[in-house]
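Participant: A single structure is presented below for examination.
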Amino acid sequence: MKPMNKLCLIAASLLMLGTGSAMAANIAPVKANNVVLVHGSWADGSSWSEVITRLQAAGLHVTAVQNPLTSVANDVAATQRVLDQQDGPTVLVGHSYAGTVVSEAGVDPKVSSLVYVAARAPDAGEDFVALSGKYPTMPVRAGTEEHDGYVSLKQDAFLKYFASDVPHDKAMELFAVQQPIAKTLFGERTTAAAWHTKPSWYAVSSLDQTINPDLERFLAKRMGATTIELPSSHLSLVSHSKEIADLILEASGRQP
Numbered sequence: 031m032k033p034m035n036k037l038c039l040i041a042a043s044l045l046m047l048g049t050g051s052a053m054a055a056n057i058a059p060v061k062a063n064n065v066v067l068v069h070g071s072w073a074d075g076s077s078w079s080e081v082i083t084r085l086q087a088a089g090l091h092v093t094a095v096q097n098p099l100t101s102v103a104n105d106v107a108a109t110q111r112v113l114d115q116q117d118g119p120t121v122l123v124g125h126s127y128a129g130t131v132v133s134e135a136g137v138d139p140k141v142s143s144l145v146y147v148a149a150r151a152p153d154a155g156e157d158f159v160a161l162s163g164k165y166p167t168m169p170v171r172a173g174t175e176e177h178d179g180y181v182s183l184k185q186d187a188f189l190k191y192f193a194s195d196v197p198h199d200k201a202m203e204l205f206a207v208q209q210p211i212a213k214t215l216f217g218e219r220t221t222a223a224a225w226h227t228k229p230s231w232y233a234v235s236s237l238d239q240t241i242n243p244d245l246e247r248f249l250a251k252r253m254g255a256t257t258i259e260l261p262s263s264h265l266s267l268v269s270h271s272k273e274i275a276d277l278i279l280e281a282s283g284r285q286p
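This is the structure we're talking about:
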């Protein structure tokens, strides 16, 4: 082999080693008939209602997990129980905090692809609080309140910062069903990061006032995700349900 060819081969090998996660994330998705949706903090499974109807109309079998939001382990267990009931390849989708859950539960062999919606996406064992601390704190945090070890959002913060582009009546409905989170939840760590080995998609909310949009962009780039950006609040799954459903359809190996 000529010296120049050897150098090219070495350079190519180093590039592959440095971008392994991105390469794995960009593998074409297996066609999936199942979708499992995992809600985030200060929400329940009904937050997916408008996405669910669109996916069902496209012929997909859809299940929304009801997370207890008491610990990462408990939320992963709730998600795993739903995954165990699926009959084949499954797209696993997480909004907000649930990105932590799908990163852990997504190692399940039934999971064919991952979709993150304005979501956390920690690496295995990563201190995500420290990572997010590198970005400006978003205003929603000023509207939290604690009762008996659980944290919820006050109405003003929910409407103004969490669901700012959701119609008022719908936002009030979502506020009424919000599920408080254990105050220790955000500080817990995962043991796996499925996005290293599973094709991944990410929807950034550019107007997000709950998770910093620049943090979302960093996470999407780090995992090598197929990424869209929406001019949305944190609740893009409500205010931009068509775009989110289309992204999930793409991850299921179907055309929107």
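Numbering (this note's numbering), first residue to last: 31 to 286. Where is the CB? At the ideal position from N, CA and C, for every residue including glycine.
So what does DSSP say about E134, is it helix, strand or coil?
Facilitator: DSSP, reduced to helix, strand and coil, places E134 within a helical segment of the structure shown.
Participant: Are there 16 or more other CB atoms within 10 angstroms of the CB of E134, so buried, or fewer, so exposed?
Facilitator: buried
Participant: With 16 other CB atoms within 10 Å as the buried threshold, where does A212 fall?
Facilitator: buried
Participant: Nearest to W78 by CA position, among E203, D238 and D186, is which residue?
Facilitator: Taking W78 as reference, the option from E203, D238 and D186 with the minimal CA-CA separation is E203.
Participant: Determine whether the beta carbon atoms of H69 and A94 lie at a separation below 8 Å.
Facilitator: yes
Participant: Give the straight-line distance between the Cα atoms of V170 and R111, rounded to the nearest whole angstrom.
Facilitator: 32 Å
Participant: When the Cα atoms are used, what is the spatial distance from P59 to H177?
Facilitator: 43 Å
Participant: Is it the case that the segment 232–241 contacts the segment 188–196, given that we only count it when at least three CB pairs across the two stretches are under 8 Å?
Facilitator: yes
Participant: Confirm, please, whether the CB-CB distance from S271 to A233 is below 8 Å.
Facilitator: no
Participant: Would you tell me roughly how many angstroms separate the C-alpha atoms of R121 and E156, rounded to the nearest one?
Facilitator: A quick correction: the sequence has Val, not Arg, at residue 121. Straight-line Cα distance between these residues: approximately 24 Å.
Participant: By a C-beta neighbour count over all protein chains shown, 10 Å radius and 16 as the cutoff for buried, is K61 buried or exposed?
Facilitator: exposed
Participant: Please go through the same chain and pick out, in chain order, the residues whose beta-carbon is closer than 7 Å to the beta-carbon of E80, but skip the five residues on each side of it.
Facilitator: V268 and S271
Participant: Are the CB atoms of P139 and N64 nearer to each other than 8 Å?
Facilitator: no
Participant: What do you reckon, are the CB atoms on Y146 and S230 nearer than 8 Å?
Facilitator: yes
Participant: Of all the beta strand (DSSP E) runs that stay within the bounds of the segment 148–205, which reach a length of 3 or more residues?
Facilitator: 174–177 and 180–183
Participant: Tell me whether H91 sits in a helix, a strand or coil according to DSSP, three-state version.
Facilitator: Here H91 carries a strand assignment [DSSP, helix/strand/coil].
Participant: So is A55 buried or exposed if we call it buried at 16+ other beta carbons inside 10 Å?
Facilitator: Annotation note: pLDDT 47 at A55 (below 50); position unreliable, coordinate value reported separately. By the neighbour-count criterion, in which 16 or more other beta carbons inside 10 Å mark a residue as buried, A55 falls on the buried side.
Participant: Are there 16 or more other CB atoms within 10 angstroms of the CB of G129, so buried, or fewer, so exposed?
Facilitator: buried
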